[in-house]
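Residue numbers (the working numbering): 1327 to 1436.
Right under this line is the structure:
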């Protein structure tokens, strides 16, 4: 696996793509990083709400933390997933086009 990765990395032919191999890792990394960023932002919001020392500020901060953080996390993960799927679609289009070229149904682009 590692040998194939480096072989693909230094190959000037671009017959194999490393993007699809790295995409799973990048997706999980983005998923985790987004979770950490949203959580830290929520904690910062919560601390700022408690700094006001007013009941309305504290209740509003708690409500935003309990409702806003999960919604923000969900929206971010949704956009990350859509972005990753769009990249995969581009590669699937390339694979299907090359299959049609090999079958002789279309001519190879020049």
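We put the CB at the ideal spot given by N, CA and C, even for glycine.
In this structure, DSSP gives residue 1430 a state outside helix and strand, which the three-state scheme calls coil. Three or more Cβ pairs closer than 8 Å define a contact, and the segment 1363-1370 falls short of that threshold against the segment 1340-1352.
Going by C-alpha positions, residue 1427 is about 17 Å away from residue 1416.
Taken through DSSP and simplified to helix, strand or coil, residue 1411 comes out as helix.
DSSP places residue 1377 in the uninterrupted alpha helix (DSSP H) bounded by 1345-1377.
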